[in-house]
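First up is the structure itself, then whatever we jot down about it.
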Amino acid sequence: MKFKKSLLMVLLLSFSAILFACSEDNKSASSEEKVSLDFWVFGATNYESLAEEYEKENPDVEINIKTSELGDHHNSLFTAISAGTGAPDLAMIEVDQLDRYREAQDRFVNLYDLGAEDIKDQYLDWKWNGAENGEGDFLFGLPTDIGPKAMYYHTDVFEEAGLPTDPDKVSELISTSEAFADAAGKILDATDKPMVDSMEMAFRANMDALQVSYFNRDDELLLSESDNGVKEAYDYAVELDLQGYVGSFEMWTPEWANALNKGGFGVEMAPAWLKGYMTENAPEGAGKWRVTTLPTQFAGNWGGSYIAIPSETEYSEEAYEFSKWLLSPENQLESFVDSGLFPSAPEVYEMEEFKNNSDEYFGGQNTAKYFAEAAKQIPEVYKGPKYVTVNNEILTALRNVQEGGDPEKEWEDAVTRIEGLLKK
């Protein structure tokens, strides 16, 4: 009997050892499996090369990047999160599109739950706060690049009009919206060229600087309010056009690209990301364009994005660690140097490579410092989930004005169309 009990004990211990060994083997095999993260992006970034660098440092992580056009990207993402299936582990969201996703907060991971509060001080306050919910206790995404606006100006056009061409002197001369119009008059008289390329850019001069534009924080339409800043921005663009200071070069058209190339207008009020386009598509403009600050009233942001983590992911912590690394000040500098993505981490502005940056296309000028200066003046802006829809109707009204439409009637008609669209 004792022999049988001893034999049974030996068998049980052996069986337990086998189970333990199998368990350890499975655990080891599992630990050797790579975490595969799907990352949806849009536009020209250097994230592919940075992802490869991260994979080398973290061999247990694989980053699969899918790049799409901006519109297709956001439509696919919205469809996926609405359906609750097919969303990636990480996704870029463009700043004008972000409010569209606020109504689907439960479909995203709250980055504050993953420790994002610890890195908040690395980023510009207005950029960081733009990704919070109304209560400030939910963070949709980490800041990528930003789009601080500055004034690109053509030195030949300015010189012909008797205006200074040194960046600091231009900034001193054109420091207000009134001074901007005065300079436009000089350029038109001397060169017969418009100051601004299009009605959209004339409108955005003031529009991008508004803290509250189409909607308040309760998403109530504000266009009928008597002191609404949008109407003032609209009226300013209309006045510039009536004076002959606005061209008809719509952005991204061949005509616009040719005007950039030939100096067909005086200034372009645009963000840092335009530099890359000009370098590749307006070769004859090399050495003839410079950059300086805009009038204070025009200081605004155009573009930039965030990286969010859809709640569908099984790897929220791994996705967060990657995005935190990707958007660190050091890697934002690399993205700036490689792809022109302007940093949202002000620490970068003090780095030697940033401060010593020079743009051959812009005559060797350090354009970065002017964009950095503009970045610190940008107000925190609320756009609302229907921003793009409303903005398109206002732009339609402005184009109609340029073609001869009555400004007040076009404004009223646009407001009527917008109110109808918002009821659908």
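Numbering (our numbering), first residue to last: 2 to 425. Note that the Cβ used here is the ideal one computed from N, Cα and C, for glycine as well.
- Boundaries of the beta strand (DSSP E) harbouring P272: V268 to P272, taken from the DSSP string.
- In this structure, L51 lies away from I308, with their beta-carbon atoms at least 8 Å apart.
- Annotation: the region 248-316 contains the following complete segments of the alpha helix (DSSP H) (minimum length 4 residues), in chain order: 255-263 and 275-282.
- In the pairwise beta carbon analysis, the region 91-107 is classified as not touching the region 185-203: fewer than three pairs are separated by under 8 Å.
- When D73, Y55, K67 and N130 are compared, the shortest CA-CA separation from I379 is found for N130.
- One Cα belongs to S312, the other to W274, and the distance between them is close to 31 Å.
- Bounds of the beta strand (DSSP E) holding A151 are G142 to H155.
- Non-local beta-carbon contacts of S359 in its own chain, meaning distances under 8 Å to residues more than five positions away in sequence, involve G365, Q366 and N367 in chain order.
- Annotated three-state conformation of M196 is coil, per DSSP.
- Straight across, the Cα-Cα distance linking R205 with D73 is about 24 Å.
- DSSP places K170 in the uninterrupted alpha helix (DSSP H) bounded by P168 to L174.
- The C-beta separation of Y215 from V391 comes to about 5 Å, placing the pair in contact by the 8 Å criterion.
- Note on the region 56-111: whole alpha helix (DSSP H) runs with a minimum of 4 residues are 71-84 and 96-102, in chain order.
- The three-state secondary structure of E133, taken from DSSP, is strand.
- From the listed residues K377, G405, S340 and V416, the smallest Cα separation to K150 is found for K377.
- In the three-state DSSP reduction, S37 falls in the strand class (E or B).
- For V239, the secondary structure class from DSSP, reduced to helix, strand or coil, is helix.
- In the DSSP assignment, D414 falls within the alpha helix (DSSP H) that extends over P408 to K424.
- Taking all protein chains shown into account, P255 has fewer than 16 neighbouring C-beta atoms within 10 Å of its C-beta and is therefore exposed.
- Buried is the label assigned to P296, since at least 16 other Cβ atoms lie within 10 Å of its Cβ.
- Within the region 336-395, the runs of alpha helix (DSSP H) at least 4 residues long that lie entirely inside it are, in chain order, 353-356 and 369-376.
- CA-CA distance, M152 to T294, rounds to 6 Å.
- The shortest C-alpha to C-alpha distance from N332 to any of A81, T177, T145 and K232 is the one to T145.
- When S345, E361 and T397 are compared, the shortest CA-CA separation from A375 is found for S345.
- Sorting N217, K387 and E409 by C-alpha distance to the C-alpha of K425 places K387 at the top.
- Buried is the label assigned to R101, since at least 16 other Cβ atoms lie within 10 Å of its Cβ.
- Non-local beta-carbon contacts of E58 in its own chain, meaning distances under 7 Å to residues more than five positions away in sequence, are absent.
- Per the coordinates, the alpha-carbon of E404 lies some 21 Å from the alpha-carbon of A258.
- Secondary structure at F43: strand, using DSSP grouped into helix, strand and coil.
- With contacts defined as CB atoms closer than 8 Å, M196 and F139 fail to qualify as a contacting pair.
- Looking at the DSSP output, V213 shares a beta bridge with Y383.
- Each residue's CA atom was taken as its position, placing A81 and I310 some 13 Å apart.
- E315 sits away from W127, with the two beta carbons spaced by 8 Å or more.
- Straight-line measurement puts the Cα of G288 at about 7 Å from the Cα of E361.
- Looking at the DSSP output, L125 shares a beta bridge with no other residue.
- By alpha-carbon distance to E49, the top candidate from L327, V231 and D119 is L327.
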